[in-house]
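Trainee: Heads up: the sequence lines are chains A and B, in that order. Each residue of the first sequence is one higher than the one before, starting from 1 at the first, in this note's numbering. Each residue of the second sequence is one higher than the one before, starting from 1001 at the first, in this note's numbering. Here's a structure for you.
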Amino acid sequence: GAVVSQHPSWVICKSGTSVKIECRSLDFQATTMFWYRQFPKQSLMLMATSNEGSKATYEQGVEKDKFLINHASLTLSTLTVTSAHPEDSSFYICSARGAGGSYEQYFGPGTRLTVT
Amino acid sequence: DAKTTQPTSMDCAEGRAANLPCNHSTISGNEYVYWYRQIHSQGPQYIIHGLKNNETNEMASLIITEDRKSSTLILPHATLRDTAVYYCIVRVAWDMRFGAGTRLTVKP
Chain A
1 GAVVSQHPSW VICKSGTSVK IECRSLDFQA TTMFWYRQFP KQSLMLMATS NEGSKATYEQ
61 GVEKDKFLIN HASLTLSTLT VTSAHPEDSS FYICSARGAG GSYEQYFGPG TRLTVT
Chain B
1001 DAKTTQPTSM DCAEGRAANL PCNHSTISGN EYVYWYRQIH SQGPQYIIHG LKNNETNEMA
1061 SLIITEDRKS STLILPHATL RDTAVYYCIV RVAWDMRFGA GTRLTVKP
């Protein structure tokens, strides 16, 4: 099956710094990628949808200037958490949808961000 | 996308069938029913999906009622590794939106 990877798997950063998370589709071209956030004991919340080569669409309440998403190629999307604060500590998960009109979505393993 | 309702938690004995229900009474004709599961601190794993007919794969079976207002995911022989949160999602659009899910605990 299709594989999506994320890097890093976990990261600790200091308050006020920025951190970048990569999401890669390893064996297929992903025209659309999705970014989710999951707080402890809660469900996944969709943050934004990005299509290759265009600006991301953010969900209501998600600050686009704080969570910068770049989808520059068909196999890579990045999420940059700018000026991170402890409340941004969460589990960030990406997913990717292949080309050809497929509805299937493949999820990455997630990235645990801790802001101290 | 239609809203889904699932029990908060369920237990199942190892080796027995696990039947996880999902209500989606507002489902529309072109919306699929998807099931994913999430094992602790991992990304969601696809299980199965269907539109009208019952579906079966190597992991599970999906039974959809004739009126499509509810469905049941069946894990035929649950193992301890099936302990996870199971999400029932109804959608037609590209994005996948997760509800609270059912926490299934398989007990020895």
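A virtual CB, placed ideally from N, CA and C, is assigned to each residue, including glycine. Bear in mind that the values here come from a model prediction, so they are computed numbers and not experimental data.
Are the Cβ atoms of A96 of chain A and S25 of chain A separated by less than 8 Å?
Mentor: For A96 of chain A and S25 of chain A, yes; Cβs fall inside 8 Å.
Trainee: Nearest CA to the CA of T111 of chain A: which residue from A:G98, A:C94, A:S15?
Mentor: A:C94
Trainee: Along the chain, where does the beta strand (DSSP E) containing R1081 of chain B start, and where does it finish?
Mentor: Note, R1081 of chain B: premise wrong, no beta strand (DSSP E); not H, not E.
Trainee: Sort B:N1057, B:Y1046, B:G1043 by Cα distance to P1076 of chain B and report the nearest one.
Mentor: B:N1057
Trainee: Just tell me which of B:I1047, B:L1080, B:T1105 has its CA closest to the CA of F107 of chain A.
Mentor: Looking at the Cα atoms, B:I1047 is the closest of the given residues.
Trainee: Can you tell me which of A:V11, A:S5, A:A2, A:V4 puts its alpha carbon nearest to the alpha carbon of V81 of chain A?
Mentor: Taking each of A:V11, A:S5, A:A2, A:V4 in turn and checking the Cα distance to V81 of chain A, the smallest one comes out for A:V11.
Trainee: Using CA atoms only, rank isn't needed, just tell me which of A:E52, A:K55, A:A48 is closest to G61 of chain A.
Mentor: Closest in C-alpha terms to G61 of chain A, from the list A:E52, A:K55, A:A48, comes A:A48.
Trainee: Contact check, A1100 of chain B vs T1008 of chain B under 8 Å by CB: the rounded distance?
Mentor: 7 Å
Trainee: Suppose you measure from the CA of N1054 of chain B to the CA of N1023 of chain B; what does that come to, to the nearest Å?
Mentor: 16 Å
Trainee: Over the uninterrupted beta strand (DSSP E) stretch that includes D1109 of chain B, give me the two end residues.
Mentor: Nothing about residue 1109 of chain B can be read from this structure; chain B reaches only from 1001 to 1108.
Trainee: Go through the segment 36-93 of chain A residue by residue and report every complete run of the alpha helix (DSSP H) that reaches 4 residues or more, in order.
Mentor: none
Trainee: Quick one: which unbroken beta strand (DSSP E) runs of 3-plus residues sit fully inside the segment 1015-1082 of chain B? Chain order, please.
Mentor: 1018-1023, 1032-1038, 1045-1050, 1061-1064, 1070-1075
Trainee: Between which two residues does the beta strand (DSSP E) harbouring S25 of chain A extend?
Mentor: 19-25
Trainee: Nearest-angstrom Cα distance between I1064 of chain B and H1049 of chain B?
Mentor: 10 Å
Trainee: In the structure shown, what three-state DSSP assignment does K1107 of chain B receive?
Mentor: strand
Trainee: Against chain A, does M1059 of chain B count as a neighbour if the rule is that its beta carbon must be under 8 Å from one of theirs?
Mentor: no
Trainee: Under 8 Å, Cβ to Cβ, is there at least one residue of chain B near Q105 of chain A?
Mentor: yes
Trainee: Measure from the alpha carbon of P109 of chain A to the alpha carbon of each residue in B:S1025, B:Q1038, B:C1012, then state which is nearest.
Mentor: Residue B:Q1038 is the option with its Cα nearest to P109 of chain A.
Trainee: Could you check which residue in B:P1044, B:Q1042, B:D1082, B:H1040 has the C-alpha nearest to that of A1060 of chain B?
Mentor: B:D1082
Trainee: Between the beta-carbon of I1074 of chain B and the beta-carbon of Y1036 of chain B, is there less than 8 Å?
Mentor: no
Trainee: Contact criterion: CB-CB distance below 8 Å. Does I93 of chain A meet it with respect to chain B?
Mentor: Interface residue, yes.
Trainee: Any Cβ of chain B within less than 8 Å of the Cβ of P8 of chain A?
Mentor: no
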